[in-house]
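Residues 1 to 169 in this note's numbering are what the sequence shown spells out, letter by letter.
Glycine included, C-beta positions come from ideal geometry on N, C-alpha and C.
Step one of this worksheet: look at the structure below.
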Amino acid sequence: PLPAARIRIIDRSGVERASLASGEDGRYRAGLPPDVYHVQVRAFGYEPQEMTGIRIEPGRTTALGFVLLPQPSGLLQGRVRDAETGAPLAAEISIPDAPVRTTSSAQAGDYSLSLPTGTYHLQASRNGYRRADRQAVQVVVNQTTRVDLDLTLAPTLLLVDSGRWYNSS
């Protein structure tokens with residue numbers, strides 16, 4: 001099953017009648033009026049699929065399944081370190097606008113992500129450190145791209161709320 005696949009159902013006049021995501025079991029359900037529909041399915045890391053001419057009839061359930069094929073992918077890996085000491089850090093590695101996250105190991109700071117080929121914005125974050133960003137990271141099919149990230153300490157801040165008696169906080 002493929003959870004969180006995006007399903008769009010469009011009627012014959014071009015109006016989107018449903019936009020939903022598949023559940024953890026890969027299933028989805030939409031109540032639709034009788035008509036003929038166009039269905040699109042997309043999921044990160046998979047080739048999109050479409051079906052046209054899907055007829056929904058009154059009082060009947062129509063089952064429609066999709067098999068999405070994985071897109072060609074490559075490997076993104078690297079190491080996260082403290083910029084000042086060079087010590088390895090456990091940090092969250094993410095790709096904004098994509099459902100991809102991992103954590104680098106505390107022992108060596110290593111991380112690894114399998115991603116569809118393309119260009120990505122990479123982020124590493126850890127509490128107490130400034131976030132590290134890398135733009136235009138290129139992932140190539142069947143190749144390993146290495147991106148090491150150094151995190152610098154963030155300043156410590158103290159926020160004091162003077163209480164309700166002052167400015168009605």
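Nonlocal neighbours in the same chain, by C-beta distance under 6 Å from residue i, ignoring five residues either side
i: T145; result: L76 and V139
i: D150; result: R81 and A83
i: A132; result: A124, L149 and L151
Beta-bridge pairing of residue i - partner residues as DSSP gives them
i: S125; result: E92
i: Q138; result: T119
i: D133; result: Q123
i: P70; result: Y46
i: A18; result: I9
Own chain partners of residue i with C-beta closer than 7 Å, once the 5 adjacent residues on each side are dropped
i: G53; result: V36
i: G128; result: L153 and A154
Per-residue DSSP class, three states only, for residue i
i: V39; result: strand
i: T152; result: coil
i: T62; result: coil
i: R146; result: strand
i: L157; result: coil
i: A83; result: coil
i: S105; result: coil
Whole-angstrom C-beta distance between residue j and residue i, which should lie under 8 Å
i: I95; j: Y120; result: 5 Å
Residue from the options with nearest C-alpha to residue i
i: R17; options: E92, G23, R29 and D25; result: R29
i: A4; options: P116, L68 and L149; result: L68
i: F44; options: G86, I7, L157 and L64; result: I7
i: A108; options: L89, E24 and I56; result: L89
i: R55; options: S13, S125, P34 and Q135; result: P34
i: L122; options: I10, V15, A98 and S105; result: A98
i: A21; options: L32, I9 and V15; result: I9
i: R79; options: V147, E24, S19 and V160; result: V147
i: G65; options: G59, P58 and D25; result: D25
i: Q71; options: R130, L158, N142 and A124; result: N142
Cβ-based neighbour list, residue i, same chain, cut-off 8 Å, excluding 5 preceding and 5 following
i: E50; result: H38, V39, Q40 and V41
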